Amino acid sequence: MKKYSIILSFVLVTALSGTSLLHAQGFRMRSMSQNQPPATEFIAARWHFGTNGNIGHMGWSHNYPQSDQHLNDFLERTTRVDIDVMSYRIVELGSDEVFDYPFAYVSEPGEMELSEQEVENLREFILRGGFVIMDDFDGSWQWAQMVSQVRRAFPESQFVPLGIDEPVFQLLNPIVDFQDMANYVPGGAITYYGLYNPQGDIAILAGHNNDLANFWDWYSNGSMPLLPSTDAFRLGSNAVVYSLTH
């Protein structure tokens, strides 16, 4: 087990080192432009959704596109998922396109103020087997706002706190402790919650008081230490593989 842990750590650090090269290749240019992904098996959707303006209506785009690219690069290096650095796309939650991409990333869900069409699409997306990871929100009011919007789509369901031993955290790159990331994000203790679909699988994974995308985006410029950044990449890759296998 010790030998396996050493090998796994070396692989992860090597993958992260490779990912950091993206900075030297011009990927630090901030852009809000739409991306046309290659025809890979996996394409991540970053949802653009209605907001209440409490974070300037732009919370959905935080860390775009660098965090998207870096997580994809990590997945390409450490898994057999058919993916490319550019396998991501901005998708309007209120559009039919939302059903084309079964994995979705949501930034700042505490700013959600969904239209009726977005609520309908969220419910249909989950019922069709889609998976959503909600990230980058903290405090009681952001939590309450997110829950109120999801409840419009799923009045019969509720978020359940998740332990570290859940398969979504252990499937590929095991997570030992959420709190390794806690000193570098606002809010209190990091807590993950799951909303389950009718088949009993986690359909929405919500990380309260955490910001995975900050780690994915900024780790290689010295702003984020390696250990919590590695945990963030582990968690993100586990979520993707979980979504593909459930």
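So the mapping is simple: my numbering equals the position in the sequence shown, first residue as 1, plus 33.
Note that the Cβ used here is the ideal one computed from N, Cα and C, for glycine as well.
Since the model is a prediction, treat every value here as computed from it, not as a measurement.
Beta-bridge analysis with DSSP links Thr224 to His241. Of all alpha-carbon atoms in Val180, Leu205, Ala265, the one lying nearest the alpha-carbon of Val193 is that of Val180.
One thing to note: Val139 has its Cβ within 8 Å of the Cβ of Val165.
In this structure, His81 is the residue among Gln178, Tyr275, His81 with its C-alpha nearest to the C-alpha of Asp129.
Arg185 sits in a helix when the DSSP states are folded into three classes. The C-beta separation of Arg267 from Ile197 comes to about 12 Å, leaving the pair out of contact by the 8 Å criterion. By the Cβ-count criterion, Gln67 is exposed, with fewer than 16 other Cβ atoms from all chains shown falling within 10 Å of its own Cβ. Taking a cut-off of 8 Å on C-beta distances, the stretch 237-250 touches the stretch 161-178, as three or more cross pairs fall below it. When rounded, the separation of the alpha-carbon atoms in Tyr134 and Phe75 is 8 Å. Inclusion of Val118 and Gln102 in the CB contact set at 8 Å is warranted, their separation being smaller than that value. Cα atoms of Tyr121 and Arg110: separation of roughly 16 Å, rounded to the nearest angstrom.
Taken through DSSP and simplified to helix, strand or coil, Ser66 comes out as coil. Within 10 angstroms of the beta-carbon of Asp210 lie fewer than 16 other beta-carbons, which makes it exposed. Straight through space, the alpha carbons of Pro71 and Gly172 are spaced by roughly 37 Å. In its chain, beyond the 5 residues on either side, Pro194, His241, Asn242 have a beta carbon closer than 7 Å to the beta carbon of Thr224. Collapsing the DSSP output to three states places Phe75 in coil. Residue range 164-170 is occupied by the beta strand (DSSP E) that includes Phe170. Nearest to Glu151 by C-alpha distance, out of Ala177, Val183, Phe136, Gln175, is Val183. Classified as exposed, Met65 has fewer than 16 neighbouring CB atoms from the shown chains inside 10 Å of its CB. Boundaries for Arg156: no beta strand (DSSP E) harbours it, while the alpha helix (DSSP H) harbouring it runs 149-160, taken from the DSSP string. Separation of Ala177 and Val274 (C-alpha to C-alpha, rounded to the nearest whole angstrom) is 29 Å. In the assembly as shown, Glu189 is an exposed residue. Its beta-carbon has fewer than 16 other beta-carbons within 10 Å.
In this structure Asp213 does not touch His95 by the C-beta definition: roughly 21 Å separates them, more than the 8 Å allowed. Inter-residue distance for Pro258 and Tyr252 is about 6 Å (C-alpha atoms, whole angstroms).
Judged by DSSP secondary structure, Val124 falls within the beta strand (DSSP E) whose first and last residues are 121-125. For Gly221, the closest alpha carbon among the candidates Gln175, Tyr97, Asn271, Gln99 is that of Gln175.
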